[in-house]
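No gaps in the numbering here: position 203 of the sequence shown is 202 in numbering that gives the first Met the number 0, and each next residue is one more. Beta carbons: idealized from backbone N, C-alpha and C, even for Gly. The structure under discussion appears below in the form of structure tokens.
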Amino acid sequence: MSSSNHLVDPQGDFQALHEFAEAAKNKLSGDIWDYLNGGTETETTLLRNRVALDSIAFRPRVLRDVSTVDMTHTFLGQPMRLPIMLAPVGGLESIHPAGCAEAARASSEFGIPIMVSSVTTPNMEDTAKAAGSGRRIFQLYVRGGDDFVDEYVQRAINAGYEAFCITVDSQAYSRRERDISRRYAKPWRSAATGHAAQAAFNWDNIKRFKDKHSIPLILKGIATGEDAAMACELGVDVVYVSNHGGRQLDHGRGSIDLLPEVVDAIAGRAKVIVDSGFCRGTDILKAMALGADAVSIGRLYCYGLAAGGAPALVKLLEVLEHEIGIALALLGCQSIAELNRSHVMPSAAVMRPHLNSAFPLMDVYPRIAA
């Protein structure tokens, strides 16, 4: 795909990623905006996600034929238009009335997978119907014993989900002080039970899952090489590197800082997804250069969903595609597959990290609607 196919339309709505974020902020209540963007306690982990990404510089190669660049990718043997997927996000119904179904319609139309959270609406079956022939993965918070997990696995298989993801970094619910200060509690969280089951979930449960079920297993929330290696020893198919967007353990490392350690520990035995803080096309390419097989976006896609439902989310993905195509060409790469660690190096960050530091023009150039 030629990057020149993605020209700015002077008359079009939503021309830059910060415009989606601005529109989302204007549409969402203060409670929901803070819930979407905030982190835990001091929000150090959240800020380190951006510092870590901003502390990586590119090493571009020139005089390569990049008249066309191929941004397509494969994951678990299936094609995707970009090497990204929509991360599992709880409570999407607070972002858009149609919730996860609306996000699934957009991901299917654009051509990337969606990971459907067990704590959003509608349920997995109705979301699968909305996705149609689009790719989908189901993500579970463990709220019961083995029978609980098995029931969700069977439902996911019956509804056409291609893989099953279990979140493993939520043994305890963190203190998210933006929500606490607003005295705001998500309805699904207030009604949730069975947190002890998540706290007790361990490697024996993972072994049992792999012994019983054939659907590919993803573990979300891996943050060390030691745990990545353990997952591979038990036959886990995909290791999902994540610090929950800075919403669980405070004072953790930036997510992309974890990636090389995990990739080295896996040594090709499993696929790797990474999320937390990824907001720009260059962010995606940095992760791919460091060995990720796919990048999940969460807050970013919620901006599009809040700004204008599925049509706006598709447009957001098109803008992200434009960014990726330009950066890939300027790196001297004809395809995503050509990226490797030689294309990146450490460098000093120049942006002061804050909730929307990926969008420095958000308050400088307000969006002009078409």
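Sequence-distant residues of its chain with Cβ nearer than 6 Å to residue i (five each side left out)
i	result
Ile55	Lys285 and Val343
Lys219	Cys164, Thr166, Tyr239 and Ser241
Thr43	Asp249 and His250
Own chain, CB closer than 7 Å to residue i, minus 5 neighbours either side, in chain order
i	result
Leu6	Residue confidence for Leu6 is low, a pLDDT of 48 falling below 50, so the modelled location carries little weight and cannot support an answer.
Met84	Ile111, Pro112, Ile113, Met114, Ala293 and Ser295
Ala156	Note on identity: in this sequence residue 156 is Ile, with Ala being the wrong assignment. Here the set comprises Ile214.
Asn36	Arg298 and Leu354
Tyr140	Ser117, Val118, Thr166, Ser169 and Gln197
Gly98	Leu91, Glu92, Thr119, Thr120 and Pro121
Cross-strand partners of residue i (DSSP beta bridge)
i	result
Met344	Ala56
Ala293	Ile272
Asn78	For the record, residue 78 in the displayed sequence is Pro; it is not Asn. The partner list for Pro78 (beta bridge, DSSP) reads Thr73.
Ile113	Leu85 and Arg135
Ser334	Asp69
Tyr239	Lys219 and Ile272
Residue i - DSSP class collapsed to helix/strand/coil
i	result
Asp33	helix
Leu6	Because the pLDDT of Leu6 is 48, which lies under 50, any placement of that residue in the model is unreliable, and the number read from its coordinates should be weighed accordingly. Of the three classes helix, strand and coil, the one that applies to Leu6 here is coil, per DSSP.
Leu316	helix
Cys278	coil
Ser107	helix
Lys219	strand
Phe377	Outside the displayed span of the chain (0 to 369) sits residue 377, for which this structure offers no information.
Cys164	strand
Leu85	strand
Thr39	coil
Asp125	helix
Between the CA atoms of residue j and residue i - distance to the nearest angstrom
i	j	result
Ser213	Ile111	23 Å
Glu232	Leu257	19 Å
Arg58	Ala264	25 Å
Arg134	Ile323	21 Å
Gly245	Pro259	19 Å
Val88	Arg268	27 Å
Gly224	Tyr364	42 Å
Asp69	Val152	35 Å
Val148	Ala291	28 Å
Ser346	Arg252	17 Å
Ser180	Phe200	31 Å
Nonlocal neighbours in the same chain, by C-beta distance under 8 Å from residue i, ignoring five residues either side
i	result
Ala22	Phe13, Tyr302, Ala305, Ala306, Gly307, Ala311 and Arg366
Minimum Cβ-Cβ distance from residue i to chain B less than 7 Å
i	result
Ala127	The structure shown contains no chain B; it is built from a single protein chain.
beta-carbon residue i near the ligand GTP non-hydrogen atom, thresh 6 Å
i	result
Leu315	Ligands are entirely absent from the displayed structure, and the ligand GTP is therefore not among its contents.
Stretch pair the region 120-129 + the region 331-340: three plus CB contacts closer than 8 Å: no
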